[in-house]
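Here's the structure we're looking at; comments come further down.
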Amino acid sequence: MFFDLCGNRIGVANDAARLAWDETLEAVLAHAASAPEHLGRTLAADPGFALAHAAKGLMLLSLARPELLGTARDCLAQARRGITERPVTPRETTFIEALGLWLDDRPRRAAQALEAVLADHPRDVLALKLSHGIRFMLGDQGEMLSCLRRVVPHVPAGHRLRGYVFGCYAFALEERGLYREAEAAGRRAVEWAPRDAWGRHAVAHVLEMTGRTEEGVAWLADSAGWAHANNFRFHITWHLALFRLERGETAEVLRLYDEGIRAEQTDDYRDIANGAALLARLDYAGVDVGSRWEELAAKAEARIDDRRLVFAELHYALALLGAGRDEAAGTIARSLAAD
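For the working numbering, add 233 to where a residue sits in the sequence shown, where the first one is 1.
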């Protein structure tokens, strides 16, 4: 019998898989670039670990890329096969059910399934992080906060991932406009878990929303706290660029755009959103952004048929409009209206 670092029983076959899984949990919560590597090592150590397959599928769906749907379905098939080959807990089975629900285009039901896990296992940080992410994608701020309010009282001081829980709590509070509580929770999160990029980001939101530009620049001045992160580090750099823009430092904003926000020029919807949202602000401020819209628009136009997430579609349209590609932006508008 094996347990993860949060004390939850897990159906792994060996200790190597357990250790790799523990590293996966921390990496996922930290938005670490190493998370896929840790998950890969987990499955290499135990190819039949059903929960890991389900988690992989759920994470793939969070990327909102239609070309990953087939891989996510494969994850579901492998997870279902895994539970026929060894005993697993009802908690683990629910993750598999959540993956199936999301693949059936019922993300809200998937979040509810994961939150049902938390009712019995409030220290299950993976269920928390995944439901938090789905609620965020849905724009369901109320349920996001309700979930955290139920969970936080049950996370003791000795919980090894407590800081990350408070990072989620901070963001949920901020999204509901509870800025004082959010800032306190976010600062505690970063104190307890220095790698908590999400908690650091939540405090940046508070400082932006309360007009504290100088504090915002200071809060994000040292990138060591998120250098480990995946492309989420580009979004934190975006927040720093907003503070710099508020100070009128447009040359520095353009440098941050080129060397940070769009350094890798991916077609990930979050990265396109970062770029489009910043270029739009620069345009509004009368700043010449050169040909930067064209690079974004080319990526966006290649994805106008995705239709996986309204947030993504709107930012694709913004990129297209910025580059003067009105016809392509109109295609997105018509598809949204049809839906």
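Glycine is no exception: its CB is placed at the ideal position from the N, C-alpha and C atoms.
- Counted as a single uninterrupted DSSP element, the stretch harbouring Q498 is not any alpha helix (DSSP H), since DSSP gives it neither H nor E.
- The continuous alpha helix (DSSP H) containing D307 extends over residues 302-318.
- Between the region 355-364 and the region 519-534 there are fewer than three C-beta pairs closer than 8 Å, too few to call the two in contact.
- In this structure, I316 and T326 form a Cβ contact; the two beta carbons are roughly 6 Å apart against a cut-off of 8 Å.
- Between A265 and A462, the CB-CB gap stays under 8 Å.
- Linking R356 to H392 through their CA atoms gives a straight-line distance of about 8 Å.
- With a 10 Å radius around the Cβ and a threshold of 16 neighbouring Cβ atoms, M442 comes out exposed.
- Taking a 10 Å sphere around the C-beta of F404, we find 16 or more other C-beta atoms and assign the residue as buried.
- If you ignore the 5 residues before and after V321, its C-beta comes within less than 8 Å of the C-beta of G244, A283, L284, G315, all in its own chain and listed in chain order.
- Between A510 and L551, the alpha-carbon positions lie close to 8 Å from each other.
- Per the C-alpha coordinates, the member of Y397, T446, L394, G410 positioned closest to G375 is G410.
- Beta-bridge partners assigned by DSSP to I243: F235.
- Boundaries of the alpha helix (DSSP H) harbouring W425: 412-425, taken from the DSSP string.
- Within 10 angstroms of the beta-carbon of Y517 lie fewer than 16 other beta-carbons, which makes it exposed.
- Here the alpha carbon of I565 sits roughly 43 Å from the alpha carbon of E424.
- The shortest CA-to-CA distance from G519 to any of L478, L453, L252 is the one to L478.
- The shortest C-alpha to C-alpha distance from T275 to any of T257, C401, G290 is the one to T257.
- Taking a C-beta distance under 8 Å as the contact criterion, A556 and W526 qualify as a contact pair.
- The region 246-263 and the region 376-385 do not touch, with fewer than three beta-carbon pairs separated by less than 8 Å.
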